[in-house]
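Each remark here refers to the structure printed beneath this line.
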Amino acid sequence: MSEIYRELTDLWERAVYLRDIKGEDWENISELVKVLEDLRRDFYERPSADLEKRLPGFQSRILELEDLAARTLTPYEVVRIVRHPQRFTLLDILENVYDRYTELGGEGEINIDPAVVVARAMISRRVGDKVYLHQVMVIGHEKGHGEEFREGGSAKPWGNEKALRYMKIAETEGIPIHFYIFTPGAYPIEDYPGAAQQIARNLYTMAKLKVPMVAFISEGGSGGAEAIGLADMRLMASRGYYSVISPEGAAAIEAKLKSGRPPRELVERCARNLRLTAEDNLRLGTIDRIVPEPPLGARRRDYAFFRRLRYEMIRATDEVVLQTRSLRTFRKYVLSRRNGSEVPEDFGIYVNWELSEDEKEILLENRSRKYREMSRWAICGRVSRLQSYLEKGQDLGTRMFHGLRHGIFRQSQKALRRMFEEFTQEGSAFLKPVTDPVKTVYNLVAGRKKKVPRIVSPIERIEEPEDIYVSPLALEDRTVTCPNAETHGCPDLWVPDLYGEFCGVCPNCGHHFPLEYQWYLNNIFDRGSIREFNEEISSGNPLNFEGYAEKLAEARKKTGRNSAMLTFEAKIGGISLIVAMLIADFRQGTVGVAEGEKFIRACDRARVTRRPFLALVHTTGGIRIHEGTLGVVQMPRCTLAAREYIDSGGLYIVVYDNNSYAGPVASFLGCSPYQFALRSTRLGFAGPRVILETTGQPVPPDYHSAENALRRGHIQGVWDRRELRLKLYEALLTMGGRNLYYR
Amino acid sequence: MGIDHRKINRLLQKLRSHPYCVYAIETPHTGYLRSFRVKEGSEVQPGEILFLLERERNLKPVKSRVSGRVQRLRQDLLDRFVEAGEPILEIWHPLSQEEVISEILQEALQVLRAPETARYLPSPEIEARLRKDGPGKALVHPGEDLLIMTFMKRETPIRHEGPPAVIYRVFFDPQEVVPAGNPLLGLCSPEEVPYIDRVLARIREEWPEQ
Chain W
-15 MSEIYRELTD LWERAVYLRD IKGEDWENIS ELVKVLEDLR RDFYERPSAD
35 LEKRLPGFQS RILELEDLAA RTLTPYEVVR IVRHPQRFTL LDILENVYDR
85 YTELGGEGEI NIDPAVVVAR AMISRRVGDK VYLHQVMVIG HEKGHGEEFR
135 EGGSAKPWGN EKALRYMKIA ETEGIPIHFY IFTPGAYPIE DYPGAAQQIA
185 RNLYTMAKLK VPMVAFISEG GSGGAEAIGL ADMRLMASRG YYSVISPEGA
235 AAIEAKLKSG RPPRELVERC ARNLRLTAED NLRLGTIDRI VPEPPLGARR
285 RDYAFFRRLR YEMIRATDEV VLQTRSLRTF RKYVLSRRNG SEVPEDFGIY
335 VNWELSEDEK EILLENRSRK YREMSRWAIC GRVSRLQSYL EKGQDLGTRM
385 FHGLRHGIFR QSQKALRRMF EEFTQEGSAF LKPVTDPVKT VYNLVAGRKK
435 KVPRIVSPIE RIEEPEDIYV SPLALEDRTV TCPNAETHGC PDLWVPDLYG
485 EFCGVCPNCG HHFPLEYQWY LNNIFDRGSI REFNEEISSG NPLNFEGYAE
535 KLAEARKKTG RNSAMLTFEA KIGGISLIVA MLIADFRQGT VGVAEGEKFI
585 RACDRARVTR RPFLALVHTT GGIRIHEGTL GVVQMPRCTL AAREYIDSGG
635 LYIVVYDNNS YAGPVASFLG CSPYQFALRS TRLGFAGPRV ILETTGQPVP
685 PDYHSAENAL RRGHIQGVWD RRELRLKLYE ALLTMGGRNL YYR
Chain L
859 MGIDHRKINR LLQKLRSHPY CVYAIETPHT GYLRSFRVKE GSEVQPGEIL
909 FLLERERNLK PVKSRVSGRV QRLRQDLLDR FVEAGEPILE IWHPLSQEEV
959 ISEILQEALQ VLRAPETARY LPSPEIEARL RKDGPGKALV HPGEDLLIMT
1009 FMKRETPIRH EGPPAVIYRV FFDPQEVVPA GNPLLGLCSP EEVPYIDRVL
1059 ARIREEWPEQ
């Protein structure tokens, strides 16, 4: 009797699961669910023989439906599978994949952030008669099976900070890290350490973490996923999704909805356009391998899947470790041959996961190479072959020239200068007691006064540009009202004055009116010093997102540019620097493959030529959703390049203006040690609407203001636009690493 | 200290006959009055746009700061040049029970105002008395410490000078900094308490609660 009831419950659960995935109108599934529900309810009132007779019929019907559902699965239905409460979670993995584990940093609700679970775990493999145990650090998101306090796996800033803390512990102990990504996105609040800033810190650290890292993605929601996603090997569940934004979010943006839910058809279309499935991501090169699941996704009791996952995690870690070894050929060959669906009982080979110092260096090089190559295929606007060769030659020449100039010659010059300085100082210390009395008597007799050298401050040294560029906005004879007029009593501002002499700043309250990016190009840098490079790299439509090509063409026509990122060499007060600038006019300064690649190349140029590097953000709206995960991977890619530049001893300064939100702030901008914002900047991770939808709490209007960002410690200072040139000049002189050419 | 009964009666009569606070809305500066967004007699809420004033091609909305009914709307000024300070309309704000009480209390009580911008705390004795007896009963004697003014860790006592008095109303929050000149306490002599209570009870009866 209980056997029949168990089978009936199982059938009912499968039917409910099908209904949740495919929708209530699909193949009369709701009716089937109702029939099974009635049978379960009246189970003890019906004769068991009758039920036993009907069960095979239900079984074959559900099997048939499951087969049909699997064959007709759409990307949005994959998203529903991932979000289903019956799907496996990290705690299921810890129970079934690892031999034993100890949860760290909290348990259940008693936790700094229940959405992030960290555990020290042991995973074993059998090779012949021997069993080998490996220690690993497991870090991931826990969605929970209907536990509200887990926030669906949305890590709060302090949850990501916890993850980072244990990553560092794993590095100290030299054990690999297994990341499990089960997040719809980071919890978008700015409280310290700040959603965006913490993700940026995580990426910055992971870029050079000296342990093998393997990530497994089930639900990869944009920035939240990247916070623990910069791994040496990225696996993905075959029914998982990895996307730049949720399909609903993309649909709301596409439909320009201010509130309410977007229509179902649009959500379906966006899910399709975003290319978020495992197959799509493998094709795009944003993941390395797919871990097969049952056709309708693995659930918490799919033990065969856990066995497979355990095997895949060990295999992936082995591969990462073997990449660093010189003696690896045969073991690599054995691993590469195992692509079948069978999971062997005997693993066959053993790889020690401990790395020597040299191997750690190779690991970092491999990681750098891997991320630099990622998404490079999608770059558009390639130049001719001849030009490409010429550019390569030029690059090589530049490298050699600067290597000689700042490497060999500079070092010997430095050593010589130091020696000379030592000699003169020693000599003057020896001679001073003898010469000083004579000098004093001579000055007294001759009536001369001792001259004290005057220290010249940078303010006096820097020259203002001779002719000031005036914004075209100033060519209008009218006045405007400052938004703070009511509270600060600001008088009306005459437009030619405001956009001319006042640099778009209210002289009474300091409110900054938005200005076009050309104003910065002309008024911040020395006149005629700007030399743009890599202009030909252009944004494309790698995902064939419907309607995006037209939008891009429109942006190109409007701006005359190929991407939202400008990279150029320029000078401020005679100091040469490399600048990467995101501009609002081109798709709201959003970042895609072209922008990411230009940023990386600018970083590299700054590193090779020993120039300071400035990221000037006119506006950025985040990662461009039309480029899907190819846009998201720009976060780790660019952060890695920025980290390599900073590690080489450069100076990386970020200056924000207008609106700076989401992915770029949560990666390559937020990782800078020197971040400044202009007074009227709005800086954060997500806008007020997303915060309200996610947290259910409205935020005050000044939540993202520069002052509040400074108060929370996200930036290092608030600057005035009128003093930007001077402030930058001061920063160039006072900050920075050892390797700058003028140091 | 002493209550001017006639003055309070006059104020009460005035409030009864005209239970509104009239806010005259004037032009903040010169300009052309381009359009009205409200009509004579319409109800407005704070933040609602009343009219648009244009100066040097800058169309500026003038908003209401209070709720109430629009009266004396100067339709004749539409599309005409107006000087600064020209009355355009009036907003008749119906006084709530609390507002009437506050107006009466300002007249009836002797109000102690903040001498400096600082945080104010009741002295321990007064705080104990207020907790025990409640406002309207706590008695203070001449020379007693009434409040402690604290600013940047510097504490200065404020003494009660004058005849014995009852603390009838506390106007400040000990957690917040009070700007100089803001009311702190409302005091009256013990004999006047029943009279003020009666006046307030009548107001509570007559004015509907909002």
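Chains W and L, in that order, are what the protein sequence lines are.
Going by the numbering used here, the first residue of the first sequence is number -15, and it counts up by one from there.
Going by the numbering used here, the first residue of the second sequence is number 859, and it counts up by one from there.
Note that CB positions come from ideal geometry on N, CA and C, so glycine has one too.
Bear in mind that the values here come from a model prediction, so they are computed numbers and not experimental data.
Counting only residues of its own chain and dropping the five nearest sequence neighbours on each side, W:K316 has a CB closer than 7 Å to the CB of L306. Around W:I274, the same chain offers L219, M220, A221, S222, A262, E263, L266 as residues with beta carbons nearer than 8 Å, after the five sequence neighbours per side are excluded. A residue is called buried once 16 or more other Cβ atoms fall within 10 Å of its Cβ, and W:D113, having fewer, is exposed. Within 10 angstroms of the beta-carbon of W:E61 lie 16 or more other beta-carbons, which makes it buried. Looking at the backbone, the Cα of W:L260 and that of W:V228 are separated by about 8 Å. Taking 9 Å as the threshold, the shortest C-beta distance from W:D481 to chain L does not fall below it.
Shown here, W:Y85 sits in a strand according to DSSP, grouped into three states.
One Cα belongs to L:G899, the other to W:E249, and the distance between them is close to 48 Å.
Look at W:Y504 here: in three-state DSSP terms it is helix. The Cβ of W:D686 sits no closer than 9 Å to any Cβ of chain L.
Chain W has no Cβ within less than 9 Å of the Cβ of L:E884.
When the beta-carbon positions are compared, W:I607 and W:G647 come within less than 9 Å of each other. Residue environment for W:M106: exposed (fewer than 16 other C-beta atoms within 10 angstroms of its C-beta). Within the same chain, and ignoring the five residues on either side of W:A239 in sequence, the residues whose Cβ sits closer than 8 Å to its Cβ are P246, P247, L250.
The C-beta distance from W:S138 to W:G169 rounds to 6 Å, short enough to fall under 8 Å.
The Cβ atoms of W:L499 and W:R705 lie closer than 9 Å to each other. Under DSSP, W:M549 shares a beta bridge with W:L566. Under DSSP, L:F909 shares a beta bridge with L:F894, L:V920. For W:E343, the uninterrupted alpha helix (DSSP H) segment begins and ends at 341 to 357. For L:R913, the closest Cβ of chain W is nearer than 9 Å. When the beta-carbon positions are compared, W:H125 and W:Y150 stay at least 9 Å from each other.
For W:F166, the secondary structure class from DSSP, reduced to helix, strand or coil, is strand. A check of alpha carbon separations from L:A976 across L:G889, L:R1060, L:P1048, L:V1035 identifies L:V1035 as the nearest. Excluding its 5 nearest sequence neighbours in each direction, W:I13 has C-beta neighbours in its own chain below 6 Å: L2, R3, listed in chain order. W:R109 is the residue among W:R109, W:Y116, W:G411, W:F404 whose C-alpha sits nearest the C-alpha of W:R292. Residue pairing of L:E901 in beta bridges, as defined by DSSP: L:R927. The count of Cβ pairs closer than 8 Å, one atom from the segment 456 to 466 of chain W and one from the segment 883 to 901 of chain L, stays below three, leaving the stretches out of contact.
Beta bridge pairing from DSSP links L:T1008 with L:R977, L:E1013. With a threshold of 9 Å between beta carbons, L:K918 makes contact with chain W. Neighbours of W:R462 across chain L, judged by C-beta separation under 7 Å: E914, R915, N916.
Taken through DSSP and simplified to helix, strand or coil, W:T463 comes out as strand. By the C-beta criterion, the segment 929 to 937 of chain L is judged not to be in contact with the segment 475 to 487 of chain W, since fewer than 3 inter-stretch pairs fall below 8 Å.
If you compare the alpha carbons of W:C364, W:L710, W:E714, W:T678 with that of W:A578, the shortest gap goes to W:C364. Using a Cβ-Cβ cut-off of 9 Å, W:T465 counts as an interface residue toward chain L, since at least one Cβ of chain L sits closer than that to its own. Straight-line measurement puts the Cα of W:F529 at about 9 Å from the Cα of W:R256.
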